[in-house]
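Novice: Residues 1427 to 1477, numbered by this note's numbering, are exactly what the sequence shown covers, in order.
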Amino acid sequence: MPDLGKYADVVLSSYAVSLLLIVALVAVSIWRARRIKSELDRVEARGKNRG
């Protein structure tokens, strides 16, 4: 790792915050995709029962 000097804490905390935001974005995306898929499955099942 390069020597960051007196800005090491700022740079490393920026990396940590960025990584945390990326992980949160991926988690929310996965959660939303699962929710939408279950809603779609429910709607499709309701459509099959009618037709």
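Idealized CB from N, CA, C, for every residue including glycine.
Note that the coordinates shown come from a computational prediction; the quantities given were computed from them, not determined experimentally.
Taking the straight line between their C-alpha atoms, what separation do you get for Y1433 and L1447?
Specialist: In a straight line, the C-alpha of Y1433 is about 21 Å away from that of L1447.
Novice: Using the three-state DSSP reduction, which class does D1435 fall into: helix, strand or coil?
Specialist: DSSP places D1435 in helix when its eight states are reduced to three.
Novice: Measure the beta-carbon distance from V1437 to L1445 and round it to whole angstroms, keeping in mind my assumption that it falls under 8 Å.
Specialist: At roughly 13 Å, the Cβ-Cβ gap does not stay under 8 Å, so V1437 and L1445 are not in contact.
Novice: Where does L1430 fall in DSSP's three states?
Specialist: L1430: coil per DSSP, three-state reduction.
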